[in-house]
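Undergrad: These protein sequences, in sequence, are chains A, B, C and D.
Going by our numbering, the first sequence opens with residue 1338, and the numbers climb by one from there.
Going by our numbering, the second sequence opens with residue 1338, and the numbers climb by one from there.
Going by our numbering, the third sequence opens with residue 1338, and the numbers climb by one from there.
Going by our numbering, the fourth sequence opens with residue 1338, and the numbers climb by one from there.
A virtual CB, placed ideally from N, CA and C, is assigned to each residue, including glycine.
First, the structure itself, so that you have it in front of you.
Number of protein chains: 4
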Amino acid sequence: ATIDLNCDMGESFGAWTMGDDASVLAHVSSVNIACGFHAGDPDTMRRTVDLAARANVAIGAHVSLPDLQGFGRREMRVSTDETYAMTLYQIGALAGFAHAAGARLHHVKPHGALYNMAARDAALADAIARAVRDFDPALILVGLAGSELPRAGERARLAVAHEAFADRRYESDGSLTPRREAGAVIEHIDAAVAQALAIVRDGIVTTRQGGTLALHADTICVHGDRTDAALFARRLREALDAAKVLITPLAMKPSPPSPAMGERVG
Amino acid sequence: ATIDLNCDMGESFGAWTMGDDASVLAHVSSVNIACGFHAGDPDTMRRTVDLAARANVAIGAHVSLPDLQGFGRREMRVSTDETYAMTLYQIGALAGFAHAAGARLHHVKPHGALYNMAARDAALADAIARAVRDFDPALILVGLAGSELPRAGERARLAVAHEAFADRRYESDGSLTPRREAGAVIEHIDAAVAQALAIVRDGIVTTRQGGTLALHADTICVHGDRTDAALFARRLREALDAAKVLITPLAMKPSPPSPAMGERVG
Amino acid sequence: ATIDLNCDMGESFGAWTMGDDASVLAHVSSVNIACGFHAGDPDTMRRTVDLAARANVAIGAHVSLPDLQGFGRREMRVSTDETYAMTLYQIGALAGFAHAAGARLHHVKPHGALYNMAARDAALADAIARAVRDFDPALILVGLAGSELPRAGERARLAVAHEAFADRRYESDGSLTPRREAGAVIEHIDAAVAQALAIVRDGIVTTRQGGTLALHADTICVHGDRTDAALFARRLREALDAAKVLITPLAMKPSPPSPAMGERVG
Amino acid sequence: ATIDLNCDMGESFGAWTMGDDASVLAHVSSVNIACGFHAGDPDTMRRTVDLAARANVAIGAHVSLPDLQGFGRREMRVSTDETYAMTLYQIGALAGFAHAAGARLHHVKPHGALYNMAARDAALADAIARAVRDFDPALILVGLAGSELPRAGERARLAVAHEAFADRRYESDGSLTPRREAGAVIEHIDAAVAQALAIVRDGIVTTRQGGTLALHADTICVHGDRTDAALFARRLREALDAAKVLITPLAMKPSPPSPAMGERVG
């Protein structure tokens, strides 16, 4: 079996730091880098992309609602046009840094409230998928496993990845227990590692309600804002290694022969 | 003789509109589109790029200091690293919209205070030029005629364009009379058109001090925030037509065979 | 009969202008001034407060969600703690300008999405009412007629004002027809003036569904962002004059003898 | 002898934390609280003001240029009108929280680049002093010892406080060694405590150039963003105690009988 381990990165802003990106980076195969809307000023983006490019992990754009103060975690009623445009803006901004670092953009994953809204709302999910496709149809769209976002990606003929969480509790409908609920985050590393192994090996997860849910995942998220993020990532990697699960980035679809960026099509 | 006519565009923001882009667009060969730092939210950028792509004018990124409230006109003491990163961020963001519209980015021009700072400060100008080159060495860097910015572009082996202004007064050292000075803007259309003609045909401009200054220009800026911008652009175009000056976009250098965007070089 | 006519003001931002405040000001008894969250930078606030103080109209804080790009019209999922704090912040900021102008703050009215959310959500409405009361219990809280916000104001023992709209369509439940619906704004001045008169004199409004709704209003809103705002305000004023309705600011409750601002209570 | 010990506080923003306010608070007599322009969202302001009010320290507004990304440390060319308005805005916003907490605002101190600009530029310093006076003439204006800002305060008939730094190096002209220079911050606690003692007891400081400078200080700043800020504050307090220096807030001038806030004067 194979799995991708991904981590959110570049979530510092100006004088404020968050996470220990360099330590976590050694243990994951993909990173999602903040694009300035919930975190990540241009300088932080450049440094994070350079770090990721040197570590040879797959680089993704972690696109968000425009809400620095709320860290992109407050739902906003945005139109599909606004969603399309803000997604395209952030992808372009990050891709520029990737290109300057001699790397290329590999995937796009919405962050926080946008992630949750796109999991439920097909029209919003379609707007995100169209922005990804219009930027580069070879990009992989990452979303909550089994939700509206991967479905929208498939409608846009994108490669999609179903994401599961080691350290977030699941509801019986496959959604994540909201962060405001007690027990939403699985603090104990052993329990989170066990949940990840059950998902990757057996395709199942135990819900908050106590039932068992079938859950297919292409990628597992390692939260970089845990205080023990590096240890957690290392423990998860060791457990997957022991279980003979190969940790490797998501595979991009074979690209059709495509025009170079910027050339008019047709 | 030939000349490029360029206009700043997409300077609305959210519920606030500025300029009459559609009217001016008919009279220019190039546009510089705001990238969200001094004006231009993502939705405005998408609509402006689409408008420009349909009008078949050359599309440029109008990169700025991060200052919506000051419209990018207040100088800020930014480091060269910050300048490099903010320039690359904005170019990438705009290029994404151009690409999605089936167009390509053609040039980069700093806005407002960043434009003036880059005209004087070689280190800042170098940071901008490096960001442009690292994004795409085929882009043209536009700056104040005879200033540090075109020189930095040449050091970075970019094609550069020297810009002159029809409706801004010049000092005897070739700098623009600061906007806070009386007479900085030439309000009268006939006088501004006459200044543009003198620059384009004769390579000279009369300074505020009354002297004559040699001034080579590759492109003339038509300010889109004049209330009479469309009329002004039309009058300028007619005068240049009558003088047998061909209005045409800046020529990009023949590109070397280059790797597709995103591929690692070497 | 008496009525207050209020208008939203100070909705320019930096280089962008909105509305024609000086013209409308002559026709209203109260103004609600943007506090920097949906519009109104500090300089605009100072000038708008000065204008209002000289015109001798009642000055209110027009508090909003933090969303310049969306002009405060996009609903955001904010907590009650965040709502309390952002309301208090904006009231304080505006009160400082009022005080410096030799005037005093008279009322508080939420703007846009916050106004609509506070009309429906009692907990959010309570957070706003507590912020108003904690700043100054003599302030009047203005909200949608018959909605949760005036009820919350009463729970906080504030004087409240029920607001109705001349140029917004009503649903049969007393809510406003959302702006995204056709016909949400009554464009025709005669029709809008007629609706205002029906509300003020007869306490009724005709809904979008065609029924008649009882509607008590203490204040009528004149939208300052209409292109014909000044004409509309004048026509409304003339119609009310002709109907012998006295236009006058909302009456503040007689203040209890209160400690000076800043002294610790008890 | 007596001295005030002040500390900058409330410099977290949204999901990002900075400093260990609760620990430092026990050792100082005054705090300067960020007002949302360089740090400090409304919720953080409310919590920090509540913390300070309960600790019974003097509460000041730490007003800044509008630059979250640069933490208020990048100089911007702002006009005196802009400076007046942004200062008044921030004072008002913070005073609202102080009032709601049953406390009162005691002083105003500019932050970062605004502090340095106001130390050099008399016109800018005057704009700040006028804003403070127009809000409340009983407030104390805190600025760099011997610089333009205390002079401007005196011109505005405000009580002023001359501030010195325990852990910043001085140039021979009495200015602070810029942060970009090596040795600008005195990292070693013993050396910083010794510098503070020399200033408080003897009125002298040793400059970077090695000379001795006379320096009168009313208040000593303890930087809250040092990783060892709490230890440093405790050690400084102990050294001052041992030297029989009484640590106490700045004394406000006896207020003239003044009209209540909001009443028109004259």
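Give the interface partners of D:MET1355 over in chain A, defined as CB-CB distance under 8 Å, in chain order.
TA: The answer, in chain order, is ALA1352, TRP1353.
Undergrad: Sort C:ASP1463, C:PRO1515, C:ALA1531, C:CYS1372 by Cα distance to C:SER1349 and report the nearest one.
TA: Nearest C-alpha to C:SER1349: C:CYS1372.
Undergrad: Please list, in chain order, the residues of the stretch 1407-1422 of chain D that have any C-beta partner in chain B closer than 7 Å.
TA: So the list reads ARG1411, GLU1412, MET1413, ARG1414, VAL1415, given in the order they occur along the chain.
Undergrad: Spatial neighbours of C:PHE1502 within its chain, please: CB distance less than 6 Å, with the 5 preceding and 5 following residues excluded, ordered by chain position.
TA: Result list for C:PHE1502: CYS1558, in chain order.
Undergrad: Pick helix, strand or coil for D:THR1424, following the three-state DSSP scheme.
TA: Helix.
Undergrad: Per DSSP, what kind of secondary structure is D:ARG1601 in: helix, strand or coil?
TA: The predicted position of D:ARG1601 is uncertain, since its pLDDT is 37 and thus under 50; a value taken from the coordinates is nonetheless stated next. The answer is coil: DSSP assigns D:ARG1601 none of H, G, I, E or B.
Undergrad: Would you decide whether C:ASP1463 is buried or exposed? Buried here means 16 or more other CB atoms lie within 10 Å of its CB.
TA: Looking at its Cβ environment, which holds 16 or more other Cβ atoms inside 10 Å, C:ASP1463 is buried.
Undergrad: Note the first and the last residue of the continuous beta strand (DSSP E) segment covering C:VAL1400.
TA: Run containing C:VAL1400: 1395-1400, per the beta strand (DSSP E) assignment.
Undergrad: Consider the C-beta atom of D:GLY1540 and the heavy atoms of the ligand GDP; say whether any pair is separated by less than 8 Å.
TA: With respect to the ligand GDP, the structure offers nothing, as it holds no ligand at all.
Undergrad: Rounded C-beta distance between C:LEU1362 and C:VAL1386? I'm assuming under 8 Å.
TA: 12 Å between Cβ atoms; not a contact.
Undergrad: According to DSSP, is B:PRO1379 part of a helix, a strand, or is it coil?
TA: If DSSP states are grouped into helix, strand and coil, B:PRO1379 belongs with the helices.
Undergrad: Start and end of the alpha helix (DSSP H) containing A:LEU1461?
TA: Residues 1459-1472.
Undergrad: Distance, Cα to Cα, D:ALA1566 vs A:VAL1365?
TA: Straight-line Cα distance between these residues: approximately 35 Å.
Undergrad: What does the Cβ neighbour count give for D:LYS1581, buried or exposed, with the cut at 16 atoms within 10 Å?
TA: It is exposed - the Cβ of D:LYS1581 has fewer than 16 other Cβ atoms within 10 Å.
Undergrad: Taking Cβ positions only, does B:GLU1600 come closer than 9 Å to chain D?
TA: Bear in mind that a pLDDT of 38 at B:GLU1600, under 50, signals an unreliable position, so the model cannot answer this.
Undergrad: So what does DSSP say about D:ASP1341, is it helix, strand or coil?
TA: Reduced to three states, the DSSP call for D:ASP1341 is strand.
Undergrad: If the cut is a Cβ gap below 9 Å, which residues of chain A does B:ASP1504 touch?
TA: By Cβ distance, chain A contributes nothing, its closest Cβ being about 31 Å from B:ASP1504, past 9 Å.
Undergrad: Within 10 angstroms of the Cβ of B:SER1367, are there 16 or more other Cβ atoms? Answer buried if so, exposed if not.
TA: Classification of B:SER1367: buried, given that the 10 Å Cβ count is 16 or more.
Undergrad: Residues of chain D with a CB under 7 Å from the CB of C:ASP1617: which are they?
TA: Chain C is shown from 1338 up to 1603; residue 1617 of chain C falls before or after that span and cannot be answered.
Undergrad: DSSP three-state call for C:ILE1526: helix, strand or coil?
TA: Helix, per DSSP.
Undergrad: Mind checking which residues open and close the alpha helix (DSSP H) that includes C:SER1360?
TA: Segment 1358-1362, the alpha helix (DSSP H) holding C:SER1360.
Undergrad: Quick one: using the 10 Å Cβ neighbour count with 16 as the cut-off for buried, is D:GLY1433 buried or exposed?
TA: Classification of D:GLY1433: buried, given that the 10 Å Cβ count is 16 or more.
Undergrad: Against chain C, with Cβ distances strictly below 9 Å, would B:ALA1519 count as a contact?
TA: Not closer than 9 Å to any Cβ of chain C, the Cβ of B:ALA1519 fails to qualify, so no.
Undergrad: What is the DSSP secondary structure of D:LEU1476, reduced to helix, strand or coil?
TA: Reduced to three states, the DSSP call for D:LEU1476 is coil.
Undergrad: Consider the Cβ of B:ALA1533: report whether some Cβ of chain C lies at a distance smaller than 9 Å.
TA: Closer than 9 Å: no.
Undergrad: Along chain B, which residues have their Cβ under 8 Å away from the Cβ of A:ALA1430?
TA: TYR1426, GLN1427, GLY1429, ALA1430, GLY1433, listed in chain order.
Undergrad: What's the C-alpha gap between B:LEU1388 and B:GLY1347?
TA: Taking the straight line from one Cα to the other gives about 10 Å.
Undergrad: Would you list, in chain order, the members of the stretch 1374-1392 of chain D that have their beta-carbon closer than 7 Å to a beta-carbon of chain A?
TA: Listed in sequence order: ASP1378.
Undergrad: Where DSSP assigns a beta bridge to B:THR1543, which residues make up the other side?
TA: Partner(s): B:THR1549.
Undergrad: Nearest to B:LEU1405 by CA position, among B:GLY1377, B:LEU1577, B:GLU1419, B:ASP1539, is which residue?
TA: Checking every option, the nearest Cα to that of B:LEU1405 belongs to B:GLY1377.
Undergrad: Examine chain C for any beta-carbon lying closer than 9 Å to the beta-carbon of A:ALA1450, and answer yes or no.
TA: Closer than 9 Å to some Cβ of chain C, the Cβ of A:ALA1450 qualifies, so yes.
Undergrad: Over the uninterrupted alpha helix (DSSP H) stretch that includes D:ALA1579, give me the two end residues.
TA: Run containing D:ALA1579: 1566-1579, per the alpha helix (DSSP H) assignment.
Undergrad: Which residue from A:HIS1525, A:GLU1485, A:ALA1398, A:ALA1531 puts its Cα closest to that of A:HIS1657?
TA: Nothing in the structure corresponds to residue 1657 of chain A, since chain A is present only between 1338 and 1603.
Undergrad: Under 9 Å, do C:GLU1485 and C:ASP1555 count as touching if we go by C-beta distance?
TA: Against a cut-off of 9 Å, the Cβ pair of C:ASP1555 and C:GLU1485 comes out as no contact.
Undergrad: Could you give the residue range of the beta strand (DSSP E) that holds A:GLU1500?
TA: Unbroken beta strand (DSSP E) run through A:GLU1500: 1496-1502.
Undergrad: Express the C-alpha separation of C:ASP1578 and C:ASN1343 in angstroms, rounding to a whole number.
TA: Distance between the alpha carbons of C:ASN1343 and C:ASP1578 is about 16 Å.
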